Structure formats: structure tokens, C-alpha cells
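To keep things clear, I will list the structure first and then write my remarks on it.
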Amino acid sequence: MYRTIIVFDFETDSPDPKNANPVQLAALAINGLTLKPIRNAEFVSDCKPDGVDNDDYLTEERKKTLVWHSKVQQVDQEKVLERWKNAPNEKMVWSEFHKFVNRFNKKGTSWFAPIQAGMNIRNFDCIIANRLNEKHKKKTCFFKRDVIDILEMAFYWFHDLEGGPSNNTMDTLRKWLKMPDRGKSHDALVDVRDEAVVIITFIQMFRSVCNHPKFTERLREKIQENVYN
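Using the numbering used here, the first residue of the sequence shown is number 1, and each one after it goes up by one.
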């Protein structure tokens, strides 16, 4: 019921999770019972994308992504590319990430593995993680059943809210929720810290609603209203 929650985020060289290579990976751990970030439980590393040293690496799609990273980081494209080339290799980074996550698996079995969480994680980061596991011959380090996705949470809470956010991207939610501007969005560690705040707050809200004295009674009433005759 109260597994550790691992918020993680990839920065990549492509927007397509089916072929994107990680260029940065960050994560942090949240105590599932107290909903507090666990002290000294952060992971961050640059990651050398596969094939970056090859002449044919910069496809049109990757060129566009490189330009985007350059604008976000406010540095020349050459410096972004140099950072990627000098990063630790992917296999080592992925192995270290597994070690980090496995620290929070209390009994070392799949049933006690942490829950994966993040923004649009189900349709992006999880796909990349599964590819990396297959590529580097590793089993998943996460509990297989559950995924906590801010994109899905925001849809259920805000899709019919008057004056709600115009969309559910992290950048839009930051502004709408009036979160502090750290000036470094799309840096993986900054992103997971902000995502953790949103996830913790959402779960706190869920718990407060569910523990309201009238919740069970009202829920059963609504179920009866909606039962098919």
C-alpha cells in the first residue's frame, strides 16, 4: 500500500519514445506513507546517446531536438552536442539508476518494488525505460502494476474546471499552480523536483477527500444513481 514512489524523468535527443536516446536522467524518492521526499535520495546523470560519434547521427529529427535543447539551455548547439559526447555511457548510467531504485525495494522482490511516477511517464519515459531494460538485459526495477502519471491526474481534476489550465503540460501546470520559476525547466533534476511537489500534493488531496466522513456514503449514492437498470 505504501511503496516508495520514484519520480524520474528523461531528457532525450528525440521526441519519439520509440527511438529516443537518453541524454540526461534524474530521479528522486518519496516515502509512500508520509509523502515526504526521502533525504539524500536523488539521482542525476548526463548520458551519452548511442551513435552520437557517428557521422550519420544527426538526423533531421535530432537536429531539431538539438536546436530545442540549445534554446532551452541558452547555449550554442556545439556545446550541447559536446556535453552529450562527454557524458557517461548509457549502459553504466542505466545500471546506476537500477541500483538507485533497488535501494528502496525493502525485500528485493517485484511485489515490494517502488512505483514509477512522473509527467507523461506512461506514454514516454516508461516506453524508453522498457527499451533500455530490453537492450541492456535487465528486469524492470519497478512494481509492474502501478504508474503515477501527472498528465492523467491533471486530466481527471482539471478537464471540466472553469478557469483551469489551458493544457496539462508541466510548463503550463507550473504557471497555473503558481510554482516558483526556477528558470531551468527541462533540466531533468529540476523537472523531477517540481513533478514530485505536484504528485505529493495530488495524493494529499486524494487522501483528504477519501477520508472525508461523507465520502463513502456519497460515493455509494452516486453508484446507485448510475447503475444500469
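For glycine and all other residues, C-beta sits at the position ideal for the given N, C-alpha and C.
Bear in mind that the values here come from a model prediction, so they are computed numbers and not experimental data.
Simplified DSSP state of residue i, which is helix, strand or coil
i: residue 95; result: helix
i: residue 74; result: coil
i: residue 39; result: strand
i: residue 14; result: coil
i: residue 58; result: coil
i: residue 191; result: helix
i: residue 86; result: coil
i: residue 48; result: strand
i: residue 109; result: coil
i: residue 222; result: helix
i: residue 211; result: coil
i: residue 34; result: coil
i: residue 227; result: coil
Bridge partner(s) assigned by DSSP for residue i
i: residue 118; result: 149
i: residue 27; result: 8 and 43
i: residue 22; result: 12
Buried versus exposed, by CB contacts within 10 Å (16 or more), residue i
i: residue 232; result: This structure cannot speak to residue 232, because the chain is shown only from 1 to 229.
i: residue 118; result: buried
Residue i versus residue j - alpha carbon distance
i: residue 180; j: residue 194; result: 9 Å
i: residue 80; j: residue 199; result: 30 Å
i: residue 92; j: residue 52; result: 16 Å
i: residue 116; j: residue 65; result: 26 Å
i: residue 216; j: residue 133; result: 41 Å
i: residue 43; j: residue 99; result: 10 Å
i: residue 187; j: residue 33; result: 28 Å
i: residue 161; j: residue 95; result: 42 Å
i: residue 164; j: residue 137; result: 43 Å
i: residue 219; j: residue 172; result: 31 Å
i: residue 56; j: residue 152; result: 37 Å
i: residue 27; j: residue 101; result: 9 Å
query = Taking the runs of the beta strand (DSSP E) that are 3 residues or longer, which of them lie wholly in the segment 120-186?
reply = 147-149
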